[in-house]
């Protein structure tokens, strides 16, 4: 397995894990407490990672961590839950599936990643595939719900792009950066949850088990893999792994909850999965003729003899 394939496989575990959120929420958690659930996902996981890494932000990274935490967690979760409550689940998932298109535009603006026809078509195909998997006939639309869904997708997309743009400070690992963001995002959700939903509900052992899974497996580990992957992949490649989440949710719903999967849903899965794979393929590098190769080799040799060139390929143009 190539290095990129390994990075893609590990990063893909994040949206696959997020696909289990619906099942855990409906089967293990108290009903009608979406903001409290968001809080319990983010803040305990962030505090645990802070305790493990024992690193706090320095200088500009205080506000950068706050911005990233708000975009990826603090604004994303409440908007996502608002969309989920105002829209049928399938409509909310389709609205959220436009994220890759947002990332393409934001990456062109802030990262200099020029959008290609292939990237745009792949993002559109992924959204279309997801719509076939989750959208039901006669689904109702709500203006506030659709707007909340679009804003949640835009928030997460901006988080992906700025996570890529800012990288992480020298000497700080991805685990510590994940802890900063989760803690900041949890602190954003904290007052909103108590203001809207009131005091926490009484929790059973089943509830606690569900929250433990969401906080540590579904959030701490998954977001660590996600942010680590964003560093190593292009923004568009990373976000095109997103369709794996609704695909996983549909498979779990079929296997654990007895939900039907018809021919249309299977076709949608195939289209969305194909788009996900296509989004990970690197563009072909043009072949260099023999004379051109000799010129390049000669130039490289001269360059090496004249000066020592040192470049950090992973950090170039990313770390600030």
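Residue numbers (our numbering): 414 to 733.
Positions of the beta carbon are idealized from the N, C-alpha and C atoms, including for glycine.
Endpoints, alpha helix (DSSP H) assigned at residue i
i: residue 416; result: 416-431
i: residue 529; result: Looking at the DSSP string, residue 529 is not in any alpha helix (DSSP H), and its letter there is neither H nor E.
i: residue 435; result: 434-441
i: residue 685; result: 676-691
i: residue 522; result: 512-523
i: residue 481; result: 474-482
Secondary structure of residue i, DSSP reduced to three states
i: residue 649; result: helix
i: residue 468; result: coil
i: residue 659; result: helix
i: residue 642; result: helix
i: residue 463; result: helix
i: residue 666; result: helix
i: residue 444; result: coil
i: residue 654; result: coil
Own chain residues within Cβ distance below 6 Å of residue i, not counting five before or after
i: residue 724; result: Here the model assigns residue 724 a pLDDT of 37, short of 50, so the residue's position is not dependable and the matter cannot be decided.
i: residue 454; result: 627, 628, 632
i: residue 636; result: 591
i: residue 698; result: Since pLDDT at residue 698 reaches only 44, below the 50 mark, its modelled position is unreliable, and no value is offered.
Cut-off 7 Å between Cβ atoms - residues of its own chain near residue i, not counting five sequence neighbours on either side
i: residue 452; result: 599, 602, 603, 606
i: residue 520; result: 526, 574, 648, 649
i: residue 585; result: 468
i: residue 704; result: Residue placement at residue 704 cannot be trusted, given a pLDDT of 46 that sits under 50; the coordinates are not used to answer.
i: residue 535; result: 653, 688, 691, 692
i: residue 643; result: 573, 576, 577, 651
i: residue 620; result: 441, 442, 443
i: residue 712; result: Residue confidence for residue 712 is low, a pLDDT of 41 falling below 50, so the modelled location carries little weight; the figure read from the coordinates is stated next. Cβ within range, chain order: n/a, list empty.
Same chain only: Cβ atoms within 8 Å of residue i, ignoring 5 sequence neighbours per side
i: residue 659; result: 432, 506, 510, 543, 546, 547, 685
i: residue 683; result: 542
i: residue 622; result: 441
Meets three-Cβ-pair contact criterion under 8 Å: the region 586-602 and the region 471-483: By the C-beta criterion, the region 586-602 is judged to be in contact with the region 471-483, since at least 3 inter-stretch pairs fall below 8 Å.
So within the region 551-638, which uninterrupted alpha helix (DSSP H) runs reach at least 4 residues, ignoring any that extend past its ends? Runs of the alpha helix (DSSP H) lying entirely within the region 551-638 and spanning at least 4 residues, in chain order: 556-579, 587-610, 618-625.
Does the structure place the region 605-621 close enough to the region 435-452 that three or more beta carbon pairs sit under 8 Å? Three or more Cβ pairs closer than 8 Å define a contact, and the region 435-452 meets that threshold against the region 605-621.
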